[in-house]
Amino acid sequence: MKDDPIKNPHLRLSRRGLLLGAAAGTVGAAVAGTAAQGATGEANADDIVDLAGEYPFYGNAEQAGIRTPPQRYTFYMTFDLTSPLRADLQVLLARWSAAISQLMKGKPVGQIEPSRPDAIGLDTGEALNLSPACLTVTVGLGPNVFTDAYGLAGHRPHLLRELKQLPSDAFRPGLTGGDLSLQACADDPQVAYHAVRDLARIAKVTGAAATRWTVMGFGRASAGKGQSTPRNLLGFKDGTRNIREDADFDRFVWVKDGPGWQHHGTYQVVRKIQMHIEAWDTDRISDQNAVFGRHKVSGAPLTGVHEFDTPDFAKMDVAGNPVMPATCHVRLAAFENNEGLRILRRSYNYTDGINQYGVLDAGLLFISYQSDPAHFETLQTKLGASDRLNEYISHIGSAIFFVPPAPQEGSYIGAQMFADG
Amino acid sequence: MPLINQTTPFATATGLAVLLAFAPGAFAKEAPVKDGVSQVQVTLTSDNGGSCVLDSDDAKAGPVTFSVTNKTAASISEMELLSNNRILGEKENLAPGLPTVSFTLTLDGGTYQIYCPGASAELQDFKVTGKANKASGSTQDILAEGVKGYAHYVDGVVDAMVTAVQRLKADIDAGDLEKARTQYAAARPFYERIESDVDGFVLPGFKATDNAGNLDYLVDMRASNLDPAVGWHGFHAIERDLFEKGAITDETKKLAAELQDNVEKLDKLVGTLEYKPEDLANGAAGLLEEVQTGKITGEEEAFSHIDLVDFAGNIEGAQQAFAFLEPGMQKIDADLTKQVNAQFENVLKLLETYRDPNELGGYKRYTAEIKASDANKLSKAIQALQEPLSRIAEKVATAH
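Residue numbers (the numbering used here), protein chains in the order written: chain G, 35 to 455; chain F, 11 to 410.
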């Protein structure tokens, strides 16, 4: 499988040790649970961390970090273009591609301790000997890349545009937009951090881009293939009905039309979603379940018993009310209720500490991939308007990017855009 | 489906050529000459853990053009031509897929090295045979002239600071608070222009670890680096009296006399300094760090809030240091020189927006409001300058 790490980790002890599910050091232990509310969360025996795991940068059709089963940490950053010169952008994309191919092999991007005393180290060094840790770095190109200023207007992916204003948008200044994005994901947070930090330095050195906004994700909030569904900071399983199968990726995620160089690209929509943690934590459990339409521990829909039971949106209770409430999150987002529409979610939990009001500042770094940004807008229009969850969340940040396909060795991301001189 | 991992025939043949080259002169290939200029192709690949491959082993003395193409070497982003560890020419920002770049040098007979950091064999020899007409005036000579000019500049700044501090002392001795405040703001920029050159002076008889003998401490210490064993001295002790206490006391007069004494000592010591070109570059970088850690944070002028006046002083000092390196840097790396100048322009344009002739020192006071709204913008502008400027020291240190 193209997406499996090069060193296939299934049930194999690696020299760096394994972490099984959430219980470090307890290899092979399934979480013992009493079935008070149906199945408890089991740790998936296949869901192990192998820090020696490695993904390739070159050679696949799509960039890594989209179909890749989510790693445990992300460092996400957007950038502003700072040079009016097209050549600077070209050099940046080529330098980034070269550096990412090294980083994903667990190698430094350059010398850490140069022998010349007046030299500056190219690699900052904090990931030395940390091993690849399944690092992926995904590069996105924002709407401003495809302008006449760079002579790239003719290459604009035809669905790339700013998102429409959507219900419940509550954006903070400085947390929106971006001309370039980097999504670094790894099973070691320091590896993810180092990758973006060193790529940001390359951006400064080439004069092409400067940092804009950034979020560090410390826990998964979406499941990929073969992974047990992780939980968001509201304590609920997140991503039960996520896209996992190749056929669904082909149908909903990959761009298939337009110029050849965009095929197997996709659109990345990012939303920083703040949660009102203290308000949520004091909400009674029946209300929490009703907000989502699922049982908190098992993840089962309110009409079912097991996590993966199909929700029955038609089922009524004895009082004649729908068991899945009319404005619960799962009902509004369900593909059955949106003409089959699905998007890939690849989100992470984040925290920014304590905010100026003295409450916990944390939430969901929502990252989605879809073949048309309008798909996200359709779903968020419904959710933003009437989701019960809105009482406990705020969309404070937003951005959209086109993610080109992966380059072949010897080339770089977006090279085809510069091919006509 | 492309077979990415297949070793290309080109790489195999080159590997063979490298092995055979160990037989002396057996397959030595001389660079072809086009319009009187030898042409050498340098190709970077990921073979053998990263390779920098030349298509010729040697060239005739005279002009030589090195054309560098990064085919697949993700680990190699620069390439240099060295002679006895001096950089004669180089190319940076190399990455797979980018167009070929080249540089031309006039080389005399001898053995040079091609240096490719990140390749598994980072150094390889390149021979030049014969004699060439040497260009007169090496880059080192040009830089040496610049260094002399900078030393003269620093001497002048410290002389002016002595005069400014004398005036400040006179205003303080006269008990004139308003005049002393104005003169304080007038005196500060002189020190800020050259502070990175003088932060190592230790008075005779004191250990290097004793702040009581450290001139930079005695002249420029502030709350954030207060050594309780040594106490308050210098500009900021006076600042505290003038702007926080708002009064001139006998203590203030003692501090002013001590500051005058210390800047006079500084004036004598500065005349003995000898600079290398990289000292100017590192000094400029040091001044920018001062801006980031002391001025943008508002820490430097915690009582008077004239941080932007100091900021402008730091920038002027950094720009002067760079200006004296510029004639040499133009020959070493014209692109980088252009980039640094452009970033200096950006910073100066930004600083201009804070001008206020009615305020002490001619800039708006750096209040908490301005800091909250503008610190990010100011910091980004400095960062964009710091990154290219930090690469100058190595280049001037190894210039030919």
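For each residue, glycine too, the CB sits at the ideal point set by N, CA and C.
Predicted model only: the values in this text are computed from it and were never measured.
Point to revise | Proximal chain G residues relative to R96/F, where beta-carbon distance stays under 9 Å | key: Below the 9 Å Cβ cutoff, chain G contributes no neighbours of R96/F, its closest Cβ being approximately 11 Å away.
Exercise for review: Kindly say whether A128/G, judged by its beta-carbon, lies nearer than 8 Å to any beta-carbon of chain C.
Suggested key: Given the protein chain composition of this structure (G and F), no chain C is represented.
Practice item. State buried or exposed for K387/F, treating a residue as buried only when at least 16 other CB atoms are found within 10 Å of its CB. Key: Answer is exposed; the Cβ neighbour count stays below 16.
**Study point:** Cross-chain neighbours of N103/F in chain G, by beta carbon under 7 Å
**Key:** Neighbours of N103/F on chain G, chain order: V125, R129, T240.
**Study point:** Positions along the stretch 143-156 of chain G whose CB lies within less than 9 Å of some CB in chain F
**Key:** Within the stretch 143-156 of chain G, the residues whose Cβ lies closer than 9 Å to some Cβ of chain F are V143, G144, Q145, P148, R150, P151, D152, A153, I154, L156, listed in chain order.
**Study point:** Supposed contact pair Q150/F and H410/F - C-beta distance, whole angstroms, cut 8 Å
**Key:** Contact check for H410/F and Q150/F: beta-carbon distance about 6 Å, within the 8 Å limit, so the pair qualifies.
**Study point:** 8 Å Cβ cutoff, A390/G in contact with chain F
**Key:** For clarity, residue 390/G is Gln in the given sequence; the question names Ala instead. For Q390/G, not one C-beta of chain F is nearer than 8 Å to its own C-beta.
Exercise for review: Assign Y446/G to one of three DSSP states: helix, strand, or coil.
Suggested key: When DSSP states are grouped into helix, strand and coil, Y446/G belongs to the coil group.
Review point. Are the C-beta of T82/F and some C-beta of chain G separated by less than 8 Å?
Key: Among the CB atoms of chain G, one or more fall inside 8 Å of the CB of T82/F.
Exercise for review: Run the CB neighbour count on V393/G, radius 10 Å, all protein chains shown included, and call it buried at 16 or more, exposed below.
Suggested key: A residue is called buried when at least 16 other Cβ atoms come within 10 angstroms of its Cβ; V393/G does not meet this threshold and is exposed.
**Study point:** Sufficient close CB pairs (3 or more, under 8 Å) joining the stretch 382-402 of chain F to the stretch 352-364 of chain F
**Key:** The answer is yes - the stretch 352-364 of chain F touches the stretch 382-402 of chain F, with three or more Cβ pairs under 8 Å.
**Study point:** One or two residues paired with K271/G in a DSSP bridge
**Key:** Partner(s): R265/G.
Check your understanding: With respect to the alpha helix (DSSP H) encompassing R190/G, which residues constitute its N-terminal and C-terminal limits?
Key -> DSSP places R190/G in no alpha helix (DSSP H); its state is neither H nor E.
**Study point:** Close beta carbons around L225/F, own chain, < 8 Å, minus the five adjacent residues each side
**Key:** Excluding its 5 nearest sequence neighbours in each direction, L225/F has C-beta neighbours in its own chain below 8 Å: V208, F211, V212, L213, N272, K275, L276, L279, listed in chain order.
Review point. Among the residues of its own chain, which have a CB less than 6 Å from the CB of F321/F, if the five just before and after it don't count?
Key: So the list reads V301, K305, once near-sequence residues are dropped.
**Study point:** Per DSSP, the bridge partner or partners of C219/G
**Key:** DSSP links C219/G through a beta bridge to T108/G, T170/G.
Review point. How would you list, in chain order, the residues of chain G whose beta-carbon sits under 8 Å from the beta-carbon of L108/F?
Key: The CB of L108/F comes closer than 8 Å to the CB of Q124, V125, A128, Y446 in chain G, given here in chain order.
Check your understanding: Are F113/G and A229/G touching if we call contact CB-CB under 8 Å?
Key -> No, they are not a contact pair.
Check your understanding: Would DSSP call D68/F helix, strand or coil?
Key -> If DSSP states are grouped into helix, strand and coil, D68/F belongs with the strands.
Exercise for review: Hey, could you find the ends of the beta strand (DSSP E) S48/F is sitting in?
Suggested key: Counting along the chain, the beta strand (DSSP E) containing S48/F begins and ends at 47-55.
Point to revise | As assigned by DSSP and simplified to three states, the class of P337/F | key: In the three-state scheme derived from DSSP, where H, G and I count as helix and E and B as strand, P337/F is classed as helix.
Point to revise | P73/F in three-state terms, based on DSSP | key: In this structure, P73/F counts as strand in the three-state DSSP scheme.
Exercise for review: Evaluate D366/F with the Cβ neighbour count: other Cβ atoms within 10 Å of its Cβ, from every protein chain shown; 16 or more gives buried, anything less gives exposed.
Suggested key: Exposed, by the Cβ-count rule.
**Study point:** Status (buried if at least 16 other CB within 10 Å, exposed otherwise) for E310/F
**Key:** Counting Cβ neighbours within 10 Å, E310/F comes out buried, since at least 16 surround it.
Practice item. To the nearest angstrom, report how far apart H192/G and V47/F are at their CA atoms. Key: Rounded to whole angstroms, H192/G to V47/F spans 48 Å at the Cα level.
Check your understanding: Can you name the start and end residues of the beta strand (DSSP E) that L115/F belongs to?
Key -> Where L115/F is concerned, the enclosing beta strand (DSSP E) stretches over 111-117.
Review point. Which whole-angstrom value is the C-beta distance of V52/F and C62/F, which I expect to be below 8 Å?
Key: Confirmed, about 6 Å.
Review point. Can you name the start and end residues of the beta strand (DSSP E) that L133/F belongs to?
Key: Note, L133/F: beta strand (DSSP E), 133-139.
Point to revise | Proximity below 8 Å, CB of Y201/F to CB of D230/F | key: The Cβ atoms of Y201/F and D230/F lie closer than 8 Å to each other.
Point to revise | Three-pair Cβ contact test at 8 Å for the stretch 147-167 of chain G versus the stretch 262-273 of chain G | key: No: the two stretches stay apart, fewer than three of their Cβ pairs being nearer than 8 Å.
Review point. Checking contacts by CB at 8 Å: is S135/G closer than that to chain F?
Key: Chain F contact via Cβ: present.
Practice item. Apply the 10 Å Cβ neighbour rule to A403/F and answer buried if 16 or more other Cβ atoms are within range, or exposed otherwise. Key: Counting Cβ neighbours within 10 Å, A403/F comes out buried, since at least 16 surround it.
Exercise for review: Would you be able to state if there are at least three C-beta pairs under 8 Å between the stretch 325-338 of chain F and the stretch 243-258 of chain F?
Suggested key: Contact annotation: the stretch 243-258 of chain F does not touch the stretch 325-338 of chain F, with fewer than three C-beta pairs closer than 8 Å.
Check your understanding: Roughly how many angstroms lie between the CA atoms of G323/F and A133/G, to the nearest whole one?
Key -> Answer to the nearest angstrom: the Cα atoms are 37 Å apart.
Review point. What residues in the stretch 326-360 of chain F have a beta carbon less than 9 Å from any beta carbon of chain G?
Key: Those residues of the stretch 326-360 of chain F placed with their C-beta closer than 9 Å to a C-beta in chain G are Q349, A352, Q353, ordered along the chain.
Exercise for review: Count the C-beta pairs between the stretch 302-309 of chain G and the stretch 421-431 of chain G that are closer than 8 Å, then say yes if the count reaches three, no if not.
Suggested key: Result yes; three or more Cβ-Cβ pairs closer than 8 Å.
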